[in-house]
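Remarks on the structure that follows.
Numbering (this note's numbering), first residue to last: 195 to 582.
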C-alpha cells in the first residue's frame with residue numbers, strides 16, 4: 195500500500211521524546227514489510243529548526259520524508275507549503291496516518307483526506323488525556339476539539355492508541371470514533387542486545403530517563419527517595435519546560451540534593467549504557483499513554499517500578515517485569531527500596547522483562563498489526579458510522 199504519515203515533527207527533532215522515535219520506527223518497519231511509505235512533517239525543533247533540507251523528499255532509513263517550513267502560526271506547526279502538498283497529493287495514497295491532535299498538520303491532513311475520499315487513521319500520541327487538557331491551555335484545547343478535532347476523529351477510519359490506559363482516557367473524554375484500535379509501540383531488534391557490562395555502580399542506582407516535565411511525576415519520585423535508605427537517583431532528560439529548578443529545590447528541601455543527580459538528554463550508546471548499568475528504573479508518571487523508555491529498560495534486563503498511570507503498567511504486571519505501585523512516597527519508596535535490597539529478585543524481574551519485550555514488542559509484529567488496520571480502512575470494514 196501507499197501510505198502517508200503526517201506528523202508535526204520528525205527525526206532529528208529528538209527533544210520531543212518517545213513519539214519521535216516510535217513514529218519513525220513504525221514507518222521504517224512498514225517499509226520493510228513492502229509498503230511505500232512517505233512522511234510529511236515540518237522542520238520545527240523546539241525554538242529552532244532541524245538541519246534538514248526543506249521542500250524536497252529525503253531518505254531516512256528507507257522512509258521518504260519531506261520537511262516543510264512553517265509560516266505564520268508556527269506554534270501550531272502551520273505550514274502553507276505542506277497544505278498545498280496535501281491538497282495536491284492526498285488522493286495518490288491508499289491511507290493517511292495522522293499523528294497528534296491540537297495541531298495544524300493533523301487538521302490540514304484530515305481535511306485533505308476527506309476531500310479526496312481517502313481513509314485516514316488518527317493517533318493522538320498521548321495528547322487526549324483529560325488531566326493534561328485541564329492542566330495546560332484547557333480553554334484553547336477544548337476550543338480546538340470543538341472546532342476541528344471532534345470532526346477529524348469522527349471521520350477517521352480508526353483511532354489508534356498504544357495502550358488500554360490511553361484507550362480509557364480517550365473514552366473518558368466522550369469523543370467520537372468509528373473504531374478504537376490498541377497497538378503498542380515496539381522496540382527495534384538491534385536494541386535487544388545492547389545491554390553490556392553489567393552493574394558497576396559504587397552505590398545502588400535508580401534511573402529515570404525522559405523529558406523533565408511535571409507529568410513524569412519526578413516530584414513524587416524524589417519524595418520517594420527520602421524513604422530509600424541507600425542509593426542515588428539519576429534523572430536524565432531534556433528540560434525544555436524549565437521544570438528542573440523546582441525539582442532541585444524540592445530535593446534540597448528534603449535534604450536529598452547529594453543523592454539526586456540531574457543530567458542532560460542522553461541518546462544512542464550513551465543512553466543504552468546508562469540504562470544497562472541501572473539497578474532499578476522508575477517512572478512515576480501522572481499520565482503516560484505508553485512509556486517507550488520502560489520497554490528500553492526492560493530489554494536491558496533492568497527491573498522497573500511504574501505507577502498505574504503508565505500505559506505499559508499492565509504488561510509489566512503480567513510479565514512480572516517489575517512492580518506497579520501507587521505514586522505516593524511511602525509505597526513508591528518501599529517498592530524501590532525492596533528491589534535495591536534484593537539482587538536475586540532484581541535479576542528475576544529483569545530477565546522476565548527482557549523476555550517480554552522480545553516476544554511481544556517487536557516492530558515487525560506491530561507493523562503487521564497496523565497493516566491489517568490499514569487494509570480494513572481501505573475496504574471500508576472499520577466498524578459502523580461515527581458516534582455522535
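Note that the Cβ used here is the ideal one computed from N, Cα and C, for glycine as well.
(Q) Can you check which of these residues, 323, 357, 395, 212, is closest to residue 363 by C-alpha distance? (A) 323
Q.
Measuring CB atoms only, is the segment 468-486 touching the segment 401-411, in the sense that at least three cross pairs come out at less than 8 Å?
A. yes
Q: Out of 441, 251, 528, 243, point me to the one whose CA is closest to residue 418's CA.
A: 528
**Q.** Residue from 208, 373, 201 whose Cα sits closest to the Cα of residue 434
**A.** 208
Q.
Distance check for residue 572 and residue 333, CA to CA, integer angstroms please.
A. 36 Å
Q) My guess is that residue 530 and residue 496 are in contact by the Cβ rule of under 8 Å, so how many angstroms apart are they, rounded? A) Not a contact, Cβ separation roughly 13 Å.
Q) Name the DSSP beta bridge partners of residue 242, please? A) Residue 242 is bridged to 239.
Q | Burial state of residue 328, where buried means 16 or more other Cβ atoms lie within 10 Å | A | It counts as exposed.
Q | Inter-residue spacing [alpha-carbon to alpha-carbon] between residue 441 and residue 195 | A | In a straight line, the C-alpha of residue 441 is about 48 Å away from that of residue 195.
Q: Give the straight-line distance between the Cα atoms of residue 411 and residue 319, rounded to the nearest whole angstrom.
A: 19 Å
Q.
For residue 521 and residue 243, what's the separation of their Cα atoms in angstroms?
A. 37 Å
**Q.** Contiguous beta strand (DSSP E) assignments of at least 3 residues, all confined to the segment 442-470
**A.** Positions of the beta strand (DSSP E) runs, each at least 3 residues long and wholly inside the segment 442-470, are given as 454-457 in order along the chain.
Q.
Would residue 248 and residue 287 be called neighbours here (beta carbons separated by less than 8 Å)?
A. no
Q | DSSP-derived helix/strand/coil call for residue 352 | A | strand
**Q.** Spatial distance of residue 201 from residue 251 (CA atoms)
**A.** 15 Å
Q: Could you spell out where the beta strand (DSSP E) holding residue 426 opens and where it closes?
A: In the DSSP assignment, residue 426 falls within the unbroken beta strand (DSSP E) covering 426-430.
Q: Determine the burial state of residue 291: buried for a count of at least 16 other Cβ atoms within 10 Å of its Cβ, exposed for fewer.
A: It counts as buried.
Q) Anyone know if the C-beta pair for residue 656 and residue 280 falls short of 8 Å? A) Because the chain here runs from 195 to 582, residue 656 falls outside it and cannot be looked at.
Q | Between the CA atoms of residue 554 and residue 563 - distance to the nearest angstrom | A | 12 Å
Q: List the DSSP bridge partners of residue 261.
A: 235
Q. In this structure, does DSSP put residue 357 in helix, strand or coil?
A. coil
Q | DSSP three-state assignment for residue 578, whether helix, strand or coil | A | Residue placement at residue 578 is poorly supported in this model, since its pLDDT is 46, which falls under 50; the coordinates are not used for a value here.
Q: Look at the Cβ atom of residue 400, then the Cβ atom of residue 293, and state whether they are nearer than 8 Å.
A: no
Q. What did DSSP end up calling residue 303 once you bin it into helix, strand or coil?
A. helix
(Q) Based on DSSP bridge pairs, tell me the residues matched to residue 516. (A) 498
Q) Under a three-way DSSP split, which group does residue 316 fall into? A) strand
Q) The alpha helix (DSSP H) spanning residue 336 covers which residue range? A) 332-338
Q: Tell me where the alpha helix (DSSP H) around residue 493 begins and ends.
A: 486-493
Q.
For residue 476, report the span of its beta strand (DSSP E) as first-last.
A. 474-477
Q. Is the segment 258-276 touching the segment 221-239, taking contact as three or more C-beta pairs under 8 Å?
A. Touching, yes, given that three or more Cβ pairs across the two stretches are closer than 8 Å.
Q | For residue 402: DSSP bridge partner residues | A | 429
Q: In angstroms with no decimal places, state the Cα-to-Cα distance between residue 302 and residue 467.
A: 41 Å
Q. Can you name, in chain order, every residue of its own chain whose Cβ lies under 8 Å from the Cβ of residue 444, other than the five neighbours on each side?
A. 413, 416, 417
Q. Considering only C-alpha positions, which residue in the set 228, 268, 473 is nearest to residue 397?
A. 473
Q | Per-residue DSSP class, three states only, for residue 229 | A | coil
Q | Between the CA atoms of residue 343 and residue 265 - distance to the nearest angstrom | A | 21 Å
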